[in-house]
Amino acid sequence: MLYNLIDDVNFTIKNGIAKRSQIAIIGGSYDNYAALIGMTLTPNVFACGVDVVGSGREFLRSRSALFFADGVRKPVIILQGANDPRLGRNESDQFVAALKVNNIPITYILYPDEGHGLRKQENALAQAGFAEKYPQRIRRVQYQATQFKCYGRF
Numbered sequence: 000m001l002y003n004l005i006d007d008v009n010f011t012i013k014n015g016i017a018k019r020s021q022i023a024i025i026g027g028s029y030d031n032y033a034a035l036i037g038m039t040l041t042p043n044v045f046a047c048g049v050d051v052v053g054s055g056r057e058f059l060r061s062r063s064a065l066f067f068a069d070g071v072r073k074p075v076i077i078l079q080g081a082n083d084p085r086l087g088r089n090e091s092d093q094f095v096a097a098l099k100v101n102n103i104p105i106t107y108i109l110y111p112d113e114g115h116g117l118r119k120q121e122n123a124l125a126q127a128g129f130a131e132k133y134p135q136r137i138r139r140v141q142y143q144a145t146q147f148k149c150y151g152r153f
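Set out below in structure tokens:
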């Protein structure tokens with residue numbers, strides 16, 4: 000999975016679509032694992048990481064990003080529903096703490112009134128905005144406006 004993402008990054012760079020310093024890795028639910036493992040095992044590939052719902056369950060411990068957090072070298076934003084029954088807040092709290100120990104720039108946004116996947120429109124819009132603008136703020140990454148069917152144009 001990670002090597003497929005790296006192949007995509009290399010294709011994007013080779014074809015002049017973006018520069019390496021402009022590429023973020025973003026994931027939610029299980030895909031957040033890809034985002035965090037990408038930041039931990041390949042710290043020089045992505046400009047920053049966006050983890051939408053926290054790190055994985057105990058059964059992923061042997062591959063969990065938490066146990067490779069010392070490999071993160073670039074900024075990360077974590078967007079987490081406080082009441083998520085699948086990917087608990089505690090998982091994100093632990094990852095944030097691990098990054099802080101290593102002095103990695105971390106932005107942690109906790110939605111106290113949300114669970115797994117944001118249901119409230121204002122929170123979903125905010126999350127989409129953070130996920131889209133965070134890479135730009137960190138590395139001056141240029142982005143194109145995205146059309147989300149249910150939320151309109153950003």
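Each residue of the sequence shown is one higher than the one before, counting from 0 in numbering that gives the first Met the number 0. Note that the Cβ used here is the ideal one computed from N, Cα and C, for glycine as well.
Rounded distance between the beta-carbons of residue j and residue i, thought under 8 angstroms
i: Leu-78; j: His-115; result: Rounded, the Cβ-Cβ distance is 12 angstroms, inconsistent with contact.
i: Gln-70; j: Pro-42; result: Residue 70 is actually Gly in this sequence, not Gln. With 8 angstroms as the limit, Gly-70 and Pro-42 qualify as a contact, their Cβ atoms being about 6 angstroms apart.
i: Val-49; j: Ala-33; result: At roughly 11 angstroms, the Cβ-Cβ gap does not stay under 8 angstroms, so Val-49 and Ala-33 are not in contact.
According to DSSP, residues forming a beta bridge with residue i
i: Gln-154; result: Any property of residue 154 remains undetermined from this structure, which presents the chain solely from 0 to 153.
i: Ala-34; result: Beta-bridge pairing links Ala-34 to no other residue.
Among the options, nearest to residue i - alpha-carbon criterion
i: Ile-105; options: Glu-113, Pro-111 and Asp-92; result: Asp-92
i: Ile-5; options: Lys-132, Ala-64, Asp-83 and Gly-37; result: Gly-37
i: Leu-65; options: Val-44, Gly-80 and Asn-89; result: Asn-89
i: Val-75; options: Asn-122, Gly-26 and Ala-123; result: Gly-26
i: Asn-31; options: Ser-63, Asp-7 and Gln-120; result: Ser-63
Residues of its chain near residue i, where Cβ-Cβ distance is below 8 angstroms and the 5 sequence neighbours each way are ignored
i: Ala-46; result: Arg-19, Ser-20, Gln-21, Ile-22, Ala-23, Lys-73, Pro-134, Ile-137, Arg-138 and Val-140
i: Glu-57; result: Here the model assigns Glu-57 a pLDDT of 48, short of 50, so the residue's position is not dependable and the matter cannot be decided.
Contact set for residue i: own chain, Cβ-Cβ below 7 angstroms, skip 5 residues either direction
i: Met-0; result: Ala-33
i: Ala-17; result: Thr-11
i: Leu-40; result: Leu-1, Phe-67 and Gly-70
i: Gly-80; result: Val-52, Tyr-110, Glu-113, Gly-114, His-115 and Leu-117
Self-check item: Touch test, the stretch 87-104 against the stretch 123-133, Cβ-Cβ under 8 angstroms, three pairs minimum
Solution: no
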